Structures are given as structure tokens and as C-alpha cells.
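These notes concern the structure reproduced below.
Residue numbers (the UniProt record's numbering): 1 to 188.
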């Protein structure tokens with residue numbers, strides 16, 4: 001039997017490595033780690049749970065104990081994983097994708113997200129896409145057209161309009177700006 005533990009602020013492959021190191025250091029057996037979640041091979045004793053929680057907090061993570069917070073963290077993780085790390089097409093319908101992955105009604109999930117995070121889930125997705133656009137602009141390896149295609153924007157104009165609405169500047173202004181004002185993923 002396996003036991004799932006949910007962890008807040010795991011947003012990148014290095015986070016997985018950091019949590020793996022903690023588990024190995026504490027000699028806590030696990031079968032898998034993915035963004036936001038660890039599958040343990042046995043339940044944690046109170047002492048080990050406290051040690052694990054403290055070690056996670058020391059590096060900016062935290063255990064998620066209540067179901068609502070777990071769902072919200074899972075929603076965030078699915079978005080980050082899809083936008084930043086998936087090689088699959090981003091041409092998806094987010095409502096279907098999220099409800100299918102979490103096996104819950106999208107209206108419920110969206111309402112839960114909004115009530116806790118103080119922004120809509122749709123705005124969270126837009127913010128993540130814009131941060132990804134910023135990252136790709138900074139890398140300077142793709143044209144704006146290629147970035148728009150990669151992130152499933154219908155046109156460069158639509159991407160530019162959304163970018164300006166969120167950041168207050170055009171992608172070109174952002175590119176020419178020395179202070180890139182990017183947020184780390186765990187700030188969302």
C-alpha cells in the first residue's frame with residue numbers, strides 16, 4: 001500500500017531533487033516523486049512527519065494536510081507542468097483537462113480556487129502563460145510568432161495584447177527592459 005503526501009511550492013525538477021534528498025537523508029522510503037506529490041511506501045510516524053515537515057520548511061516547501069489546499073496545489077501543479085515542462089501540445093481546453101485529471105466538476109474546482117487564492121483559475125493560467133512568455137523572451141531563442149504558437153495563442157497580436165494587459169508593457173518593451181521583472185514560480 002502506498003501513502004501520498006502533498007507538498008506546497010514544488011514547481012520544478014530541482015524541487016523534486018531537493019525533496020528526494022530530504023527523504024533519503026531522513027531514510028524515509030518512497031516509490032515516486034512528482035511535482036507537488038510524494039508517494040511513500042509506508043505511512044509516516046508522527047516523529048518522522050515532524051522531521052520531514054521541518055526539513056521541507058527549511059527549503060521553502062510545506063506539507064499540505066487539508067483536502068481543499070491539496071486540490072488547489074494539484075491544480076497549480078497541473079498548469080505549471082503543462083505550460084513549462086510538457087512537450088505535448090498546449091491546444092487543450094483547460095476546463096476539461098483539469099476536471100479529467102482531478103476527477104471533479106470544474107465549476108467546483110474553479111470556485112474553490114477563487115475562494116482561496118483571490119484570483120480566478122483562468123487568471124492564474126494567464127499569469128503562468130505570461131511568465132512563460134517572459135522566460136522565453138529572456139532566452140531569446142524563439143521569435144514572438146514561435147512563442148505565440150508554442151503557447152497556443154491564436155496570434156501574435158493576441159499574445160501581445162494579453163501580455164500588455166498583464167504586465168503593462170509590450171513584449172518588445174519587456175525585451176528591451178534591463179530589469180526583467182520575472183517572478184519565480186512559487187510566487188504564484
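For every residue, glycine included, the Cβ atom is placed at its ideal position computed from N, Cα and C. Quick caveat: nothing in here was measured; it's all calculated off a predicted structure.
CA-to-CA distance, residue j to residue i, given in whole angstroms
i: residue 2; j: residue 43; result: 8 Å
i: residue 130; j: residue 123; result: 10 Å
i: residue 173; j: residue 137; result: 11 Å
i: residue 58; j: residue 48; result: 15 Å
i: residue 66; j: residue 145; result: 42 Å
i: residue 126; j: residue 64; result: 25 Å
i: residue 163; j: residue 141; result: 18 Å
i: residue 52; j: residue 73; result: 19 Å
i: residue 160; j: residue 171; result: 6 Å
i: residue 177; j: residue 26; result: 45 Å
Element boundaries [alpha helix (DSSP H), containing residue i]
i: residue 138; result: 121-139
i: residue 196; result: The requested residue 196 is not part of the displayed model; the chain covers only 1 to 188.
i: residue 88; result: Taken as a continuous stretch (DSSP letters only), residue 88 belongs to no alpha helix (DSSP H), as it is neither H nor E.
i: residue 96; result: 94-102
i: residue 177; result: Run containing residue 177: none; DSSP gives neither H nor E here.
i: residue 108; result: 106-117
i: residue 161; result: 156-167
i: residue 2; result: Unbroken run through residue 2: none, as it is neither H nor E.
i: residue 56; result: 46-58
i: residue 144; result: 144-150
8 Å Cβ cutoff, residue i in contact with chain D
i: residue 48; result: Considering every chain present, this structure includes no chain D. It has just one protein chain.
Distance cut-off 7 Å: residue i Cβ against heavy atoms of the ligand ATP
i: residue 109; result: The ligand content of the structure shown is nil, which means the ligand ATP is not present either.
Residues bridged to residue i [DSSP beta-bridge criterion]
i: residue 32; result: 39
i: residue 194; result: The chain is shown only over 1 to 188; residue 194 falls outside these bounds and no answer can be derived.
Continuous beta strand (DSSP E) stretch holding residue i: start and end
i: residue 11; result: Counting along the chain, residue 11 falls outside any beta strand (DSSP E), and DSSP gives it neither H nor E.
Nearest-angstrom Cβ-Cβ length linking residue i and residue j, presumed shorter than 8 Å
i: residue 56; j: residue 7; result: 6 Å
i: residue 105; j: residue 114; result: Actually they are not in contact, since the Cβ atoms of residue 105 and residue 114 sit about 14 Å apart, beyond 8 Å.
i: residue 35; j: residue 11; result: 7 Å
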